[in-house]
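Novice: Here it is, the structure, as C-alpha cells.
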Amino acid sequence: MILIFATHNDYKVIELRKLLPPEIKLYSLTDIACHEEIPETGNSLEANAKIKADYVKYKYGLDCFADDSGLEIEVLGGAPGVHSARYAGDQKDNEANIKKVWKELKGKSNTKACFKTQIYAHIYNQSFSFEGRVDGKIILESKGLGGFGYDPIFIPKGYDKTFAELGEEIKNKISHRAIAVASFLSTLQHIYNK
Ligand code: ITT
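In the working numbering, each residue's number is its place in the sequence shown (first place is 1) plus 166.
Below, the structure is given as C-alpha cells:
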C-alpha cells in the first residue's frame with residue numbers, strides 16, 4: 167500500500183521508513199513534487215498535524231498522514247512546544263533553536279522536558295489521531311551526532327545519553343514518534359485486515 171507522509175523533514179521520513187513495515191510504501195511531499203510550505207497556523211500539535219494531513223488529502227485525494235512534534239520544557243511553561251521548529255526564528259535553524267533553549271534555561275535548575283508527537287491520518291476516507299510522549303531532561307551542552315532538531319540536548323528518562331548519542335535503534339524504540347507510530351500501525355493493521 168501507498169501512504170503519503172505530509173512532511174518536508176527528511177529526518178522524519180528516515181525515522182518513519184524504519185518504523186513502518188516495508189510493505190507500506192512511504193512517499194514524502196518532496197517525492198510527490200509538492201514543494202509548498204504548508205502553513206502551520208494551529209495552536210496545538212494536533213491542529214497542525216491535521217492541517218498538514220488535510221492539505222494533502224484535499225489537494226491529491228490520497229491516503230496520507232502528518233506528524234507534528236515539539237519539545238516542551240516544564241520550567242518554560244511548555245515552550246517551545248508548538249513553536250519548536252521556529253523557536254529562534256523563521257529560518258528553522260536547529261543550532262539557533264538550541265542556543266535559545268540554553269539562554270532561556272540560564273540560572274534554572276529544573277531542566278525537565280518532554281517530546282510530544284501527534285499524528286493525524288486519513289485512511290480509506292476515515293480520519294484518525296495518535297499521540298506519543300517521551301519524558302526526559304535538557305542538558306546545557308550538545309552531545310552526539312545522530313538524530314535531528316533538539317536530539318543532542320535531550321536525555322530520555324532512564325538513560326544517561328542524549329537521543330543523538332543513543333542512535334536510531336534506541337531512539338526508534340522509545341521516542342515520542344515511535345510511540346505514536348506504534349498506535350498508528352496497529353490501527354492500519356486492523357483496517358487492512360478487515
Ligand atoms: P514538517 O512540518 O514538514 O513535518 P518540521 O521540522 O517543521 O517538519 P514540526 O513542525 O513537527 O516539523 O516541528 C517540530 C520541530 O521540533 C522540528 O523542526 C525539530 O526542531 C523538533 N523535533 C521534532 N521531533 C524531534 C525529534 O524526534 N528529535 C529532535 N527534535 C525534534
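All residues carry an ideal CB built from backbone N, CA and C; glycine is no exception.
#1: Taking 7 Å as the cut-off, does the CB of H201 come closer than this to any heavy atom belonging to the ligand ITT?
#2: With a CB to CB cut of under 7 Å and the five nearest residues on each side skipped, what residues in its chain are close to S210?
#3: Taking the CB atoms as reference points, tell me whether A262 and A254 lie closer together than 8 Å.
#4: Any chance the region 267-278 sits against the region 213-233, with 3 or more Cβ pairs inside 8 Å?
#5: To the nearest angstrom, how far is the alpha carbon of T173 from that of L332?
#6: With a cut-off of 8 Å on the beta carbons, I'd call G310 and K327 a contact; round off their distance for me.
#7: For Q284, report the span of its beta strand (DSSP E) as first-last.
#8: Verify the contact flag: I258, CB atom, against every heavy atom of the ligand ITT, threshold strictly below 7 Å.
#9: Check whether the region 344-352 and the region 196-214 touch, using three or more Cβ-Cβ pairs below 8 Å as the test.
#10: Just checking E206 against the ligand ITT - is the residue's beta carbon closer than 7 Å to any of the ligand's heavy atoms?
#11: Which residues have a Cβ closer than 5 Å to any heavy atom of the ligand ITT, listed in chain order?
#12: Going by beta-carbon coordinates alone, are I170 and I198 separated by less than 8 Å?
#13: Does the beta-carbon of G324 have 16 or more other beta-carbons within 10 angstroms, so that it is buried, or is it exposed?
#14: Take the Cβ of T207 as the centre, count every other Cβ of all protein chains shown within 10 Å, and call the residue buried at 16 or more, exposed below.
#15: Classify Q284: buried if its beta carbon has 16 or more other beta carbons within 10 angstroms, exposed otherwise.
#16: So, helix, strand or coil for F350, using DSSP?
#17: Please name the residue, chosen from I321, N291 and K258, that lies closest to K303 on a Cα-to-Cα basis.
#18: Which value, in whole angstroms, describes the spacing of the CA atoms of S352 and H288?
#19: Comparing alpha-carbon positions, which option in W268, D229 and Y224 lies nearest A245?
Specialist: Based on what the coordinates show:
#1: no
#2: V248
#3: yes
#4: no
#5: 24 Å
#6: 7 Å
#7: K278 to I289
#8: The amino acid at residue 258 is misidentified as Ile; the sequence shows Lys. Yes, the Cβ of K258 comes within 7 Å of a heavy atom of the ligand ITT.
#9: no
#10: yes
#11: T173, H174, N175, D234, S235, S250, A251, G315, Y316 and D317
#12: yes
#13: exposed
#14: exposed
#15: buried
#16: helix
#17: I321
#18: 15 Å
#19: W268
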